[in-house]
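**Student:** One structure follows; several queries about it will come next.
What follows is the structure in structure tokens.
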């Protein structure tokens, strides 16, 4: 699959700066930093990790070399910040979009939740993160940043999933089913990047949805989300 077949670069929405009375200069600095990090993701997506330089990112961001060096004096610091930026962006997208899908539901919408996560795994943010994971195998500096970030990401994703799907979180199968879904969906997305559209995505997604419904059979349709939220709050 070519990068243009499935994944399109999303419209960049700058992360809002902290609200504790920043000066104009501090706000400008925060937005410039976010613009640079968004540009770094874009450059890695287009050119690959090995070909990503601070100069290329500065050009993509439309900032001067001086501004780039002010925020990120070297490539290593830029990559480290980009890894954390990707974590924030992916977690934010997951929480925002999955919460919207589940809004007003009496019981968690399993199929729609899977479809939403699948779409997110076909965006540049996931593709870039996968490229960084592969590069970290032979890059000890990158691995030193990426592996702790990945562990933190997984923990935050699990917490967010419990919050967004409270009824499913009460299931005895929750941890296993959550792990299974993540492995299959990320594996499918990675295979599709390499092998193209011939990967039997719909067949696998349909199977996964049925398997998750079976796994969550002890709670799905019997424990309303509102009641589950109360039970989780008591723990």
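Numbering (the numbering used here), first residue to last: 175 to 409.
Idealized CB from N, CA, C, for every residue including glycine.
1. CB-CB under 7 Å to residue 286, same chain, minus the five flanking residues each way: which ones, in chain order?
2. Between which residues of its own chain and residue 324 is the CB-CB distance below 8 Å, once the five residues before and five after are set aside?
3. What's the C-alpha gap between residue 200 and residue 330?
4. Can you tell me the Cα-Cα spacing of residue 258 and residue 346, whole angstroms?
5. Less than 9 Å between the beta carbons of residue 236 and residue 209, yes or no?
6. Since residue 132 is in the alpha helix (DSSP H), which residue starts that stretch and which ends it?
7. Run the CB neighbour count on residue 338, radius 10 Å, all protein chains shown included, and call it buried at 16 or more, exposed below.
8. May I ask which residues mark the beginning and end of the alpha helix (DSSP H) holding residue 231?
9. Please state whether the Cβ-Cβ distance between residue 215 and residue 250 is less than 9 Å.
10. Just verifying my parser: in three-state terms, what is the DSSP assignment at residue 277?
11. Where does residue 295 sit, in a helix, a strand or coil, going by DSSP?
12. Specify, as a first and last residue, the run of the alpha helix (DSSP H) that residue 328 falls within.
13. Straight-line CA distance for residue 355 to residue 205?
14. Just confirm the distance between the C-beta atoms of residue 362 and residue 375, as a whole number of angstroms; I'd bet it's less than 8 Å.
15. Nearest-angstrom Cα distance between residue 407 and residue 244?
16. In this structure, does DSSP put residue 283 in helix, strand or coil?
17. Smallest Cα separation from residue 393: which of 381, 350, 281?
18. With a threshold of 16 other CB atoms inside 10 Å of the CB of residue 224, please say whether the residue is buried or exposed.
19. Have a look at residue 290 and residue 398 and give me their C-alpha separation to the nearest angstrom.
20. State the start and end residues of the unbroken alpha helix (DSSP H) segment that holds residue 364.
21. From residue 196 to residue 239, what does the alpha carbon distance come to, in whole angstroms?
**Tutor:** Per the coordinate set shown:
1. 275, listed in sequence order.
2. 307
3. So the alpha carbons of these two residues sit roughly 28 Å apart.
4. In a straight line, the C-alpha of residue 258 is about 32 Å away from that of residue 346.
5. yes
6. One cannot answer for residue 132 here, as it falls past the ends of the chain, which runs 175 to 409.
7. buried
8. 228-235
9. no
10. Residue 277 sits in coil when the DSSP states are folded into three classes, being neither helix nor strand.
11. coil
12. 314-338
13. 35 Å
14. Under the criterion of beta carbons closer than 8 Å, residue 362 and residue 375 qualify as touching, at roughly 6 Å.
15. Using only the alpha carbons, I get a separation of about 45 Å.
16. Correct three-state label for residue 283: coil.
17. 281
18. exposed
19. 21 Å
20. Residue range 348-369 is occupied by the alpha helix (DSSP H) that includes residue 364.
21. Looking at the two C-alpha atoms, the distance is approximately 25 Å.
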